[in-house]
Structure formats: C-alpha cells, structure tokens
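Visitor: Anchor point for the sequence shown: position 18 equals 18 in the UniProt record's numbering, and the numbering is continuous, going up by one each time.
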Amino acid sequence: MFPLKSNDSSQLFLTSSPGNFLSLLGVLEHPFSRGSTHISSSSPSVYPTLDPNYLSHPFDLTVLTAVAYHLQSLASTSPLSTYLQGNGTIYQPGYYPLNETNIEAFIKANLQSEFHPIGTCSMLPVSKGGVVDEKFRVHGVQRLRVIDASVFPLLVRGNLQSLVYAIAERGVEFIVEDQ
Numbered sequence: 001m002f003p004l005k006s007n008d009s010s011q012l013f014l015t016s017s018p019g020n021f022l023s024l025l026g027v028l029e030h031p032f033s034r035g036s037t038h039i040s041s042s043s044p045s046v047y048p049t050l051d052p053n054y055l056s057h058p059f060d061l062t063v064l065t066a067v068a069y070h071l072q073s074l075a076s077t078s079p080l081s082t083y084l085q086g087n088g089t090i091y092q093p094g095y096y097p098l099n100e101t102n103i104e105a106f107i108k109a110n111l112q113s114e115f116h117p118i119g120t121c122s123m124l125p126v127s128k129g130g131v132v133d134e135k136f137r138v139h140g141v142q143r144l145r146v147i148d149a150s151v152f153p154l155l156v157r158g159n160l161q162s163l164v165y166a167i168a169e170r171g172v173e174f175i176v177e178d179q
C-alpha cells in the first residue's frame, strides 16, 4: 500500500518540483495468503501460470487495515504533521481519508507486490507440499537441484539477496560432497 503525498501524480517524480517529499509505505512482510505456480504447457517456451492469490487469507486484510489506519494517523500527528504542510493536501490522486466504508476497497485497489517471490519449490517434505529436500535435491528426480529463493517456504523479513548467496554457498558444498 502506498499513500504517496501529492495531488498530481505527474508531479511525483519531477526533479524540478520545489520542496521536499515524503512517502509512507505499509508492507505486509509475512502474509498468510499463498499463491501457486503451475506448468501450463508442454512447451518450455510457454511461461507457467502464476496466481499470487493476494488477500486470500482474511488475516492479511486485517493486518493491512491496521497498517493503513496507523499510517494515516502517523501522517496527521505532530511532529510529522508539521512537515506535511504547504501547497495542498497530503493525498495522492485517488487517495482520501480512510474509514470503515472505504478502507477495504482502497487496500484491494492499491495493493502491490514487493517482488520478492519465494516458495515455488519449497524446502519441505513432500507430504507438506515440498519440492526439494534439505540438500536442495528435487524429490523424486535424480541429479536435479534447485538452489535459489524459490526453496524458501516462508517470506523473510527484508531483502532476499544475502540469503540466496548463503544457500548458493551451501548448495555448492552439497554438490561437491556428492561427487
């Protein structure tokens, strides 16, 4: 969710615009909703079907509702509110004060990904929907491993890159051990 602070979206990123700008972001770091990835063709050139299934678990909407109310309150509370004055409103186009009647629609209309996809080849037992074992070997397939962020069964708090480096190093060790 992103309540940016401007009345005109064409002005949001102009370097010639005078003044200072502030964005308050709310991030759902540990969603309960789960999506899916499925092979949609026998052709390797056809992309798989991805369904992120955002907000499929009701608790995610509950958390984002609390986050949105908190950000709105934060922006209107001193000392931060003293910096949000000047030439107009604090709301971007299409954004408005949130209340019980509009908050759910606002969240659904403005929700977007952080683009840290994980879990399409989760490291879990087969009985729990896992794809790889503790040594990154694909269940039921010989000589095939998956060593990337797709093996994480749950989102991590923060950027994935350092963890990808760590599992890549560990994956190399497993490959060397098995040779």
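All C-beta atoms in this analysis are idealised placements derived from N, C-alpha and C, irrespective of residue type, glycine included.
Taking the CB atoms as reference points, tell me whether Arg143 and Phe136 lie closer together than 7 Å.
Guide: No, the Cβ-Cβ distance between Arg143 and Phe136 is not below 7 Å.
Visitor: What runs of the beta strand (DSSP E), each 3 residues or longer, lie entirely inside the stretch 33-113?
Guide: The stretch 33-113 contains these whole beta strand (DSSP E) runs: 36-38 and 49-51.
Visitor: Using only the alpha-carbon positions, how far apart do Ile39 and Leu160 sit?
Guide: About 25 Å.
Visitor: With DSSP run on the structure shown, which of helix, strand or coil describes Ser122?
Guide: Coil, per DSSP.
Visitor: Pair every Cβ in the stretch 127-135 with every Cβ in the stretch 104-112, then say whether three or more of these pairs are closer than 8 Å.
Guide: Judged by Cβ distances under 8 Å, the stretch 127-135 makes no contact with the stretch 104-112, as fewer than three pairs qualify.
Visitor: What does DSSP give as the partner residue(s) for Arg145 in the beta ladder?
Guide: Answer by DSSP bridge pairing, in chain order: Arg137.
Visitor: In this structure, how does DSSP classify Val132 when only helix, strand and coil are distinguished?
Guide: Val132 falls in the strand class under three-state DSSP.
Visitor: Less than 8 Å between the CB atoms is what I'm expecting for His57 and Ser76, so what's the real figure, rounded?
Guide: Rounded, the Cβ-Cβ distance is 30 Å, inconsistent with contact.
Visitor: Val164 lies in the alpha helix (DSSP H); which residues open and close that run?
Guide: From DSSP, the alpha helix (DSSP H) with Val164 extends over Gln161 to Asp178.
Visitor: Can you look up Val151 in the DSSP assignment and give me helix, strand or coil?
Guide: Correct three-state label for Val151: helix.
Visitor: Measure the alpha-carbon distance for Glu29 versus Gly119 and round it to whole angstroms.
Guide: Going from the Cα of Glu29 to the Cα of Gly119 covers about 14 Å.
Visitor: Might you give, ordered along the chain, the residues of its own chain that have their beta carbon closer than 6 Å to the beta carbon of Val151, omitting 5 neighbours on each side?
Guide: Result list for Val151: Cys121, Met123 and Val132, in chain order.
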